[in-house]
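Enquirer:
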Amino acid sequence: MQPSDRIREDVREFTPYSPGLSMEEIKERYGLSRVVKLASNENPLGASPLVKRVLARKADMVFRYPRAGNPALTAALAAFHGVPQACVVAGNGSDEIIDLLVRLTCRPGRDNVVAFSPCFSIYVQQTRLCGVTLRQPRLGPDFAFDLPALAGACDEDTALVFLTNPDNPSGYAVAAGEVVALARSLPPRALLVVDEAYVDFAEPVADYSMLARWGTCDNVVVLRTFSKLYGLAGLRLGFGVMPEWLADYMLRVRLPFSVNLMAEAAGLAALEDTTFAQASLETVKRGRARLAEKLAALGCLVYPSQANFLMFKPPLDAAGVFEALLRRGLIARGLKSYGLPELLRVSVGNDEENDLFLAAMKDILENGF
Numbered sequence: 004m005q006p007s008d009r010i011r012e013d014v015r016e017f018t019p020y021s022p023g024l025s026m027e028e029i030k031e032r033y034g035l036s037r038v039v040k041l042a043s044n045e046n047p048l049g050a051s052p053l054v055k056r057v058l059a060r061k062a063d064m065v066f067r068y069p070r071a072g073n074p075a076l077t078a079a080l081a082a083f084h085g086v087p088q089a090c091v092v093a094g095n096g097s098d099e100i101i102d103l104l105v106r107l108t109c110r111p112g113r114d115n116v117v118a119f120s121p122c123f124s125i126y127v128q129q130t131r132l133c134g135v136t137l138r139q140p141r142l143g144p145d146f147a148f149d150l151p152a153l154a155g156a157c158d159e160d161t162a163l164v165f166l167t168n169p170d171n172p173s174g175y176a177v178a179a180g181e182v183v184a185l186a187r188s189l190p191p192r193a194l195l196v197v198d199e200a201y202v203d204f205a206e207p208v209a210d211y212s213m214l215a216r217w218g219t220c221d222n223v224v225v226l227r228t229f230s231k232l233y234g235l236a237g238l239r240l241g242f243g244v245m246p247e248w249l250a251d252y253m254l255r256v257r258l259p260f261s262v263n264l265m266a267e268a269a270g271l272a273a274l275e276d277t278t279f280a281q282a283s284l285e286t287v288k289r290g291r292a293r294l295a296e297k298l299a300a301l302g303c304l305v306y307p308s309q310a311n312f313l314m315f316k317p318p319l320d321a322a323g324v325f326e327a328l329l330r331r332g333l334i335a336r337g338l339k340s341y342g343l344p345e346l347l348r349v350s351v352g353n354d355e356e357n358d359l360f361l362a363a364m365k366d367i368l369e370n371g372f
């Protein structure tokens, strides 16, 4: 017997997540002393100073298990967002919440999940792993949400409908009122999962976030992350706000200590440091406007964004531009994996990083690769 014979046949076709070359590998390959990463939508200011101090103080406690269910964190999140604590579930990134939602609600071989194409790869991977059909209507022109098509793809066996708002990689978003209308149009059994990983950067956020309308619909789950605005991507911390009955079942099956002690402490500190969060928002919004203006002036087609990144089509071959940026020490995101090889995505950096990126783009577009 071959080792692979012990693995389900359908799983053998999976491939590991490949984030591309690391910053150190790029330095070595191109002989660079500095690399600026603008590919993963991370916080341009790093992490909060308060978070760093709290993590240093907590280091002596890493031999302890965290409290199961992370009650201190869920209480703080509930108070911060004005929702019932019994509706909040913390996770090892919002990815864990997505995985558990599929496992809890979908009957393998019978149910289906609906999401736009293209969409977040975790929706595709976890439904496939769980033996659940994923139905994917296409986005509309200019990556707009065709919400009637999304609802039209559902039937009585639809367990989940995923909507990323603002969307990735386009940055497109719809107002929360349209999301409420979508939720009300779904079949009785379907849950609408609104992934709001980037909603903090929408203007104004209250017009776009479903948390401001919590309780309006009883079939909505809202996902949030600490990876973007709060700069905790490396600690893997997210949460979901969902109907209380669903939160109860999720806590029954969630691994007991999936949110580690350091991540919980960092999350609590991040919520407290409103000064850092506001500075991060101002940096992103200022940088987003400037990048959009300057890229358009260089002849790029720039898509409007409510997120902390911009998607754009350069006037030269996108793959060539991507490689030329790497040679200059700038990492953007090629979108071939989304089925969009002609487009690139750039995260909004700090002011210096944005200047370096724009200077590199100007050089490439005016002088070639």
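According to this note's numbering, the stretch in the sequence shown is residues 4 to 372, in order.
Using N, Cα and C, we set each Cβ at its ideal position, and we do this for glycine too.
By how many angstroms is the C-alpha of L150 removed from the C-alpha of P140?
Expert: Distance between the alpha carbons of P140 and L150: 10 Å.
Enquirer: Could you check where the alpha helix (DSSP H) with R67 kicks off and where it finishes?
Expert: Looking at the DSSP string, R67 is not in any alpha helix (DSSP H), and its letter there is neither H nor E.
Enquirer: Let me know the beta strand (DSSP E) ranges lying completely inside the segment 294 to 336, each 3 residues or longer, listed in chain order.
Expert: Entirely contained in the segment 294 to 336, the beta strand (DSSP E) runs reaching 3 residues are, in chain order, 312 to 316.
Enquirer: Under the rule that 16 or more other beta-carbon atoms within 10 Å means buried, what is Q5, buried or exposed?
Expert: Q5 comes out exposed.
Enquirer: If the criterion is Cβ atoms closer than 9 Å, does the pair F360 and L319 meet it?
Expert: Going by C-beta atoms, F360 is not nearer than 9 Å to L319.
Enquirer: Step through the CB atoms of chain D and report whether any lies within less than 9 Å of the CB of R257.
Expert: Protein chain content of the structure displayed is limited to a single chain, and chain D is not contained in it.
Enquirer: Taking one C-beta from the segment 340 to 357 and one from the segment 54 to 64 each time, how about it: are there three or more such pairs within less than 8 Å?
Expert: Verdict: no, contact absent.
Enquirer: Relative to the C-alpha of G112, which residue among R293, T136, M265, F17 is closest?
Expert: The candidate whose alpha carbon is nearest that of G112 is T136.
Enquirer: Taking the C-alpha atoms as reference points, what is the distance between P172 and R348?
Expert: Their backbone Cα atoms lie some 7 Å apart in a straight line.
Enquirer: Less than 9 Å separating the beta-carbons of A282 and L48?
Expert: Result yes, Cβ atoms of A282 and L48 sit closer than 9 Å.
Enquirer: Counting along the chain, where does the alpha helix (DSSP H) carrying L264 start and finish?
Expert: Start and end: 264 to 275.
Enquirer: On the DSSP letters alone, give me the boundaries of the beta strand (DSSP E) that D198 sits inside.
Expert: Per DSSP, D198 belongs to the beta strand (DSSP E) from 194 to 198.
Enquirer: On the CB-based measure, 16 or more other CB atoms within 10 Å of its CB, does V65 come out buried or exposed?
Expert: The residue is exposed, with fewer than 16 neighbouring Cβ atoms inside 10 Å.
Enquirer: When you compare each of T219, P190, S7, E369 to D158 by their alpha carbons, which one comes out closest?
Expert: Per the Cα distances, P190.
Enquirer: Could you please give the first and the last residue of the uninterrupted beta strand (DSSP E) stretch that includes S21?
Expert: Taken as a continuous stretch (DSSP letters only), S21 belongs to no beta strand (DSSP E), as it is neither H nor E.
Enquirer: Output the distance between the C-alpha atoms of A327 and A335, rounded to the nearest integer angstrom.
Expert: Taking the straight line from one Cα to the other gives about 10 Å.
Enquirer: Kindly list the residues whose CB is nearer than 7 Å to the CB of L103, restricted to its own chain and excluding five residues on each side of it in sequence; keep chain order.
Expert: Here the set comprises M253, V256, R257.
Enquirer: By Cβ distance below 6 Å, which residues in the same chain neighbour L274 in space, the five residues on each side in sequence not counted?
Expert: Excluding positions up to five away in sequence, the list reads A79, F83.
Enquirer: Note down the Cα distance separating F260 from K40, rounded to an integer number of angstroms.
Expert: Near 31 Å, if we compare the C-alpha coordinates of K40 and F260.
Enquirer: Using a Cβ-Cβ cutoff of less than 8 Å, which residues in the same chain neighbour L235 once the five nearest sequence positions on both sides are dropped?
Expert: A50, V54, F229, A266, A269, G270, A273, listed in sequence order.
Enquirer: If you draw a straight line from the C-alpha of F204 to the C-alpha of K288, how long is it?
Expert: So the alpha carbons of these two residues sit roughly 7 Å apart.
Enquirer: Give the single residue among R192, M213, L185 whose Cα lies nearest to the Cα of V86.
Expert: Of R192, M213, L185, the residue nearest in Cα terms is M213.
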